[in-house]
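Asker:
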Amino acid sequence: MPDVLSRTYVMVPGYVLFWGVTVLAMGLFLYRISQLLRYMFLCQTDWSVNGLPKRIGRTALSILGQRCQLRNFSRVDRAGLGHAFIAWGFLVFFLFYTVFIVIGAGFGLSETLDRSSFYFYQLWVMDILAVLVFAGASWGLVRRFVVRPPRLNGEQTLEALFILVSVLVHPVTHLFKEATSIALRQPPFGMGPILPPVSSALSNLFSNSSASSVDTWNVVSFWAHWLTVLVVLVFIAHSRYLHVLASWFNGILRVAPPVGALRFVNLDTDESIGTASVDNLTSKQVLDLYSCTACGKCQERCPAFASGRPLSPRKLIQDTKRHLLAVGPELVKMKGSRASTVSPVSPKLTKKLVGDIVREDEIWSCTTCRACDEVCPVWVDHVDKIIDMRRNLVDEGLASSTASRALESMAAFGNPWEHQESARTYWANKYKVPTIQDKPDADIIYWVGCAGSYEPVAQQVSVAMVDILEAAGISYAILGNQEKCCGAEARRLGEEGLFQKLAQDNIQLLKSYGASRIVTNCPHCYNTFKNEYPQLGGLFEVSHHSEFLVQLLQKGNIRLAGDLKRTIAFHDSCYLGRYNGILDAPRRVLESIPELKLVELASNRERSFCCGGGGGQFWLDIGGTERINYIRFKEVEQVKVETVVTACPFCKLMLDDAAAAHAGSTNPIGVKDIAEMVMESRVRTKDGLATSIARDR
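Each residue of the sequence shown is one higher than the last, beginning at 325 in this note's numbering.
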């Protein structure tokens, strides 16, 4: 029988029909892609291609191996496996389309290519993958329209239905095309002793049919399959299917480490501060919008959303994307027109990104914990967009009242607590802690931080750290009243100018004393010194106190005697764990304490649940149905421990507040920092039991 494309269909030659619909679909696809690229390049280009081969390899491994999805696979949520089946299937199908349909059938080479061993083995692989793709798509339909997990609420759309149904059609039409070919004794028939099993089994359905009938089904299956492919190709560029293409580039061009450094703003040359409209986004941020699949994993992990606040990271990204697509054509037209010929501004363009498209309380709800960024399978950065929107609100004088008070206090007093600068060392004066003026040749600057200086609960950590430094015989000093806020929270609240002023003052001060090594117990300060001060020329060796304590234990500067027979849980700080990857050091410190039993919380390490104090939330009051720190404390209560241990003053303050709210429970849970636990375990020096400044000074 003649080849499928060698026939005539309603007086149209098969090859003409094939290339006509194929070129049309490709044209529509490329036209839409060119539109999306124009929207993207309205914005400032912010990506780097340094180390491009490594970036490509890393992204390819993640996508081809589906690590981007399978890392989120769990007993509760198995959707990643279904997605992996679909992805692996379509990667192999794409190879088949390119070689055997476009090149083989399209250029009349089927007679040669379809009789190659590669064709036979390719069909064998596709036979198995077709079943897996069908299973994955079926499971997707069940999860989205029957089971309906919370993260997919509101996503039971016609677009989602069309995507999943089209995914089902691909393997079915392919299998029937191969089954009818086998029934007609065409390749892969006769090419091997064992035919592709699924296609071979389906061919039995046509065992009693006439040759003409089977031939008709063969032709119908081919065109049904190929037309579905072309419809999906066009649909890709107009839907969340776009992530199939965009996520590759998003992975390759993702922001290089450190993730803890926000985008630098040149206050002297940049035309605008932050994001006021979609054309203020960067090109990478627009690529994020194109990559988002609205899977809801970010929303599921978001502490703000869990607490009933108005923020949903998924909704924020999708709302911004819809607005960009709505105003994109007019923005492109305006950019390409002279001012005198521009038509009246469209009502769409008068809408503010923050206020009309994204609510202000959504922006102020974020704790900047990066749980959303961590879990996203297509590398969307949510936090950077939120901070840029905050920057613009602050620049326009629209910061929330409580945020404004904290920012004004930082500017006036060098701290967000509205305390005088002289009050910073009240705790230190009590214990005669050496300052850099007293001890200019100190080997280490102990950076206390604002919380450790002003908040009584956090001061307990400062005292414990000084105890340990004294016991270990370390030459150290604090900056005393000259220390100012590092600026971390000013930057997260959107006040970039204030951050840079505080940072420059601190950098200049530290350099004036020749400081080379800094130790701090605050992950927010640590992240700022390590990842953000270099943007302003501040290069220092900085250690978090968990890392420093490990070093002291390894070198034998201090020894732990034990006598802490209790069960504890460790709470991972967002800025320590997710931002800087310091996950093992605090645990190593705690595991060094004899007779202490450490258990893990349900949300731990990179997937830890936020305490609710980051991103300036300590000074904001957004509301919600439940406080974030109370939600986290419930996880602590579930593991039935006597103490929850932190490595961050904000975490200690937030969890201490939650513990106080649960003080009426039958088994009250204490909140301690790792430094306090070390001191409680009776720090010993080589000469015997160490003294404590809290007791002996």
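Backbone N, C-alpha and C define an ideal beta-carbon position, used for all residues, glycine too.
1. Which ranges would you report for the alpha helix (DSSP H) in the stretch 666-732 if only whole runs of at least 4 residues count?
2. Determine the extent of the beta strand (DSSP E) in which Thr891 is found, giving its start and end residues.
3. Please classify Arg1021: does DSSP put it in a helix, a strand, or coil?
4. Per DSSP, what are the beta-bridge partners of Ser571 in this structure?
5. Check this for me: beta carbons of Ala570 and Leu611, under 8 Å apart or not?
6. Whole angstroms is fine: what's the gap from Val666's alpha carbon to Met658's?
7. Measure the C-alpha to C-alpha separation of Glu966 and Val651 and round it to an integer number of angstroms.
8. Quick one, which of Gln941, His706 and Met515 has its alpha-carbon nearest Ser689's?
9. From the beta carbon of Leu453, is the nearest beta carbon of chain B less than 8 Å away?
10. Any idea what DSSP makes of Trp448, helix, strand or coil?
11. Anyone know if the C-beta pair for Ala723 and Arg625 falls short of 8 Å?
12. Taking Cβ positions, are Ile687 and Arg714 nearer each other than 8 Å?
13. Would you give the residue range spanned by the beta strand (DSSP E) that Leu876 belongs to?
14. Would Val833 pass as a contact of Gln806 if the rule is Cβ separation under 8 Å?
15. On the CB-based measure, 16 or more other CB atoms within 10 Å of its CB, does Ile792 come out buried or exposed?
16. Starting from Trp550 and walking both ways along the alpha helix (DSSP H), at which residues does that stretch end?
17. Could you tell me the distance, in whole angstroms, from the CA atom of Leu900 to the CA atom of Val678?
18. What residues match up with Thr970 in a beta bridge as DSSP calls it?
19. Would you say Ile955 and Ala630 are within 8 Å of each other, going by their C-beta atoms?
20. Could you name the residues of the same chain whose beta carbon sits closer than 6 Å to that of Gly460, not counting the 5 residues immediately before and after it, in chain order?
21. Under the three-state reduction of DSSP, which class applies to Val866: helix, strand or coil?
22. Go ahead and label Thr674 buried or exposed: buried means 16 or more other beta carbons lie within 10 angstroms of its beta carbon, across all protein chains shown.
23. Nearest to Ile681 by CA position, among Leu385, Asn881, Ile641 and Val702, is which residue?
24. Run through the DSSP bridge pairs and tell me what Pro337 is partnered with.
25. Starting from Tyr770 and walking both ways along the beta strand (DSSP E), at which residues does that stretch end?
26. With a threshold of 7 Å (Cβ to nearest heavy atom), would Met789 be considered close to the ligand SAM?
27. Return the bridge partner residues of Tyr443 from the DSSP annotation.
28. Please work out which residues of its chain come closer than 7 Å, Cβ to Cβ, to Thr617, disregarding the five sequence neighbours upstream and downstream, and give them in chain order.
29. Between Lys608 and Val579, is the Cβ-Cβ spacing less than 8 Å?
30. Among the residues of its own chain, which have a CB less than 7 Å from the CB of Cys774, if the five just before and after it don't count?
31. Compare the C-alpha of Leu499 against each of Ser531, Ser536 and Ala454 and name the closest.
32. Using a Cβ-Cβ cutoff of less than 6 Å, which residues in the same chain neighbour Arg902 once the five nearest sequence positions on both sides are dropped?
33. Between Gly776 and Val785, is the Cβ-Cβ spacing less than 8 Å?
34. Pick from Tyr778, Lys501, Lys676 and Glu654: whose alpha carbon is nearest that of Tyr750?
35. Classify Gln368 as helix, strand or coil using the three-state DSSP reduction.
36. Measuring straight from C-alpha to C-alpha, what distance separates Leu817 and Thr726?
Answerer: In brief:
1. 671-674, 684-689, 695-699 and 707-719
2. Arg890 to Phe894 is the span of the beta strand (DSSP E), which, as asked, contains Thr891.
3. With a pLDDT of only 40 at Arg1021, under 50, the local geometry of the prediction cannot be trusted, and the value read off the model is given with reservation. Three-state result, Arg1021: coil.
4. Ser571 pairs with nothing; no bridge assigned.
5. One thing to note: Ala570 has its Cβ within 8 Å of the Cβ of Leu611.
6. Per-residue confidence for Val666 stands at a pLDDT of 47, beneath the threshold of 50, marking its modelled position as unreliable; the derived number appears in the next sentence. Cα-Cα distance, rounded: 6 Å.
7. 56 Å
8. Gln941
9. Annotation note: the requested chain B is absent from the structure, which comprises a single protein chain.
10. helix
11. no
12. A contact, by the Cβ cut-off of 8 Å.
13. DSSP places Leu876 in no beta strand (DSSP E) but in the uninterrupted alpha helix (DSSP H) bounded by His869 to Lys879.
14. Here residue 833 turns out to be Leu, not Val, going by the sequence shown. Yes, Cβ-Cβ distance for Leu833 and Gln806 is below 8 Å.
15. buried
16. Ala535 to Ile560
17. Near 30 Å, if we compare the C-alpha coordinates of Val678 and Leu900.
18. Asp997
19. yes
20. Excluding residues within five positions, the ones whose Cβ falls inside 6 Å are Gly406, Phe409 and Ile410.
21. strand
22. exposed
23. Ile641
24. Thr332
25. Ile768 to Trp771
26. The ligand SAM is not among the ligands present in this structure, which contains no ligands whatsoever.
27. For Tyr443, which the question treats as bridged, DSSP gives no partner whatsoever.
28. Arg564, His567 and Val702
29. yes
30. Asn739, Pro740, Trp741 and Cys809
31. Ala454
32. Arg694, Glu698 and Glu930
33. yes
34. Tyr778
35. Looking at Gln368 - three-state DSSP - the assignment turns out to be strand.
36. 11 Å
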